[in-house]
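2 protein chains.
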Amino acid sequence: MSDVSNKNMKMTPQRIAIMKYLDGNTAHPSAADIYVALQEQFPTMSLATVYNTMETLKQQGAVVELSIDPGKKRFDPNTQPHHHLICIKCKTVLDIFVDFPLPLSDRETGGFQILGNRVDFYGICKTCGDTPREMIQTNR
Amino acid sequence: MSDVSNKNMKMTPQRIAIMKYLDGNTAHPSAADIYVALQEQFPTMSLATVYNTMETLKQQGAVVELSIDPGKKRFDPNTQPHHHLICIKCKTVLDIFVDFPLPLSDRETGGFQILGNRVDFYGICKTCGDTPREMIQTNR
DNA sequence: CTCCTTGACAAGAATCCTTCTTAAGTAATA
DNA sequence: TATTACTTAAGAAGGATTCTTGTCAAGGAG
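Protein chains in written order, with numbering that gives the first Met the number 0: chain X, 0 to 139; chain V, 0 to 139.
In structure tokens:
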């Protein structure tokens, strides 16, 4: 997601704006986040356009769709292998660039062809840390 | 989720049926899956009852809510720490009982108070393996 | 240059999943 | 068995996403 150009998709003002917004964005925005952020610049842009564009970018491998926020898609323009630190209170997502060895034996994979992995850490971020409340599952 | 009894919640026929259905279930069903499965037995049961019951069970630590299926909640009655192998085609989820060391330094956590973690492996299951199609992100 | 094809757009309808509201019902307890 | 608080069913409501439709713009062929 570093250059705003692509020979595989038609570049329209809307798409350029979305890609610029995503470039370097570490907030893992939802479709609505993107939509709202570009409202001023493109008052007539449809939310469907955001979804369409994200779907296109996803298929091209320019963004990764995250399912860390139940009931909401969020997108990560950083396609380098990395993991996430998720605040269970405010849903903030921090990137972690640590490489963990995650070996699986053939017996454990049970015929699955492994293509990738994702590690999510759950916790309370610094900002939310002042008012802890509920006990959380330690593994899911 | 091994015994169908609980002193912290009122046991109704619907709840007993849901708990029995979940007991030993490794399919990680969604609310709708549970609802449909119990339709014959409880034709009048509301989907809201399934959601209510799952919320109650979740708060009691009897099930874990998974967000592996975008836009859909799925539940895991196995509350032992374990990880998942997810088929990107048919959304089948297999449990893996392997313990990976996932050390994070204070610098990496950036003030986050880590409460738990989750490792998801993505791939193609044996059944879907016959007709591979698209290239997948190796890490998300 | 003009026609034609293709893809992208906006707008809103439709759908899916989940939560909320309300009135009626029922399990737990004494 | 009576009380009480919790649970239920039903449907409305809400949020997120997808679909449909008609319009529009860009690029290629003639």
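Even glycine gets a Cβ: it sits at the ideal position worked out from N, Cα and C.
Determine whether the Cβ of residue i lies closer than 8 Å to any Cβ atom of chain X.
i	result
Phe74(V)	no
Glu54(V)	no
Pro69(V)	yes
Gln13(V)	no
Thr108(V)	yes
Ile33(V)	no
Asn116(V)	yes
Asp105(V)	no
Phe41(V)	no
Leu46(V)	no
Val49(V)	no
Leu84(V)	yes
Asn138(V)	With a pLDDT of only 33 at Asn138(V), under the threshold of 50, the placement of this residue in the model should not be trusted; the figure read from the coordinates follows. Yes - at least one Cβ of chain X is within 8 Å of the one on Asn138(V).
Report the residue from the options whose alpha carbon sits nearest the alpha carbon of residue i.
i	options	result
Asn77(X)	Gly110(X), Pro102(X) and Val92(X)	Val92(X)
Ala26(V)	Cys86(V), Thr55(V), Glu54(V) and Glu39(V)	Cys86(V)
Cys124(V)	Leu114(X), Thr126(X) and Val118(X)	Leu114(X)
Glu107(V)	His83(X), Cys89(X), Ser29(X) and Leu103(X)	His83(X)
Thr48(X)	Gln58(X), Val63(X) and Thr11(X)	Thr11(X)
Asn7(X)	Lys71(X), Cys127(X) and Gly60(X)	Gly60(X)
Gln112(V)	Thr126(X), Ala31(X), Gln40(X) and Arg117(X)	Thr126(X)
Gly23(V)	Phe74(V), Glu54(V) and Ala30(V)	Phe74(V)
Ser104(X)	Asn5(V), Ile67(V) and Phe99(V)	Phe99(V)
Gln40(X)	Tyr20(X), Glu64(X) and Gly109(X)	Tyr20(X)
Arg117(V)	Glu64(V), Gly70(V) and Lys88(V)	Glu64(V)
His81(V)	Ile33(V), Thr55(V) and Asp119(V)	Asp119(V)
Lys90(X)	Leu101(X), Lys71(X), Gln79(X) and Thr55(X)	Lys71(X)
Val62(X)	Glu54(X), Gly110(X) and Met44(X)	Glu54(X)
Gln38(X)	Lys57(X), Ala16(X) and Ile67(X)	Ala16(X)
Phe94(X)	Gln79(X), Leu101(X), Lys88(X) and Pro102(X)	In the sequence under discussion, the amino acid at residue 94(X) is Asp, which differs from the Phe named in the question. The shortest Cα separation from Asp94(X) among Gln79(X), Leu101(X), Lys88(X) and Pro102(X) belongs to Gln79(X).
In terms of residues, what are the limits of the alpha helix (DSSP H) holding residue i?
i	result
Leu21(V)	Pro12 to Leu21
Glu54(V)	Leu46 to Gln58
Ile87(X)	Per DSSP, Ile87(X) belongs to no alpha helix (DSSP H) and is neither H nor E.
Val62(V)	Per DSSP, Val62(V) belongs to no alpha helix (DSSP H) and is neither H nor E.
Gly32(V)	Checking the sequence shown, residue 32(V) turns out to be Asp, not Gly. Ala30 to Ala36 is the extent of the alpha helix (DSSP H) around Asp32(V).
What residue range is occupied by the uninterrupted beta strand (DSSP E) comprising residue i?
i	result
Lys71(X)	Lys71 to Asp75
Val118(X)	Gln112 to Ile123
Asp105(V)	Counting along the chain, Asp105(V) falls outside any beta strand (DSSP E), though it belongs to the alpha helix (DSSP H) covering Asp105 to Thr108.
Tyr94(V)	For clarity, residue 94(V) is Asp in the given sequence; the question names Tyr instead. Segment Val92 to Ile95, the beta strand (DSSP E) holding Asp94(V).
With burial defined as no fewer than 16 other Cβ atoms inside 10 Å of the residue's Cβ, what is the status of residue i: buried or exposed?
i	result
Tyr121(X)	buried
Leu46(X)	exposed
Lys9(V)	exposed
Phe96(X)	exposed
Tyr35(V)	One point to set straight first is that residue 35(V) is Val, not Tyr, in the sequence displayed. Exposed: under 16 other Cβ atoms inside 10 Å.
Arg14(V)	buried
Ala30(V)	buried
Pro28(X)	buried
Thr52(V)	buried
Hey, is residue i's beta-carbon within less than 8 Å of any beta-carbon in chain V?
i	result
Gln59(X)	no
Gln112(X)	yes
Cys124(X)	yes
Tyr121(X)	yes
Val97(X)	yes
Leu101(X)	yes
Leu37(X)	no
Within 7 Å: the Cβ of residue i and any heavy atom of the ligand COA?
i	result
Met44(V)	The ligand COA is absent from the structure shown, which contains no ligand whatsoever.
Exercise. What residues from the stretch 17-29 of chain V come within 8 Å of chain X, judged by C-beta to C-beta, listed N to C?
Worked result: Considering only beta carbons, no part of the stretch 17-29 of chain V lies closer than 8 Å to chain X.
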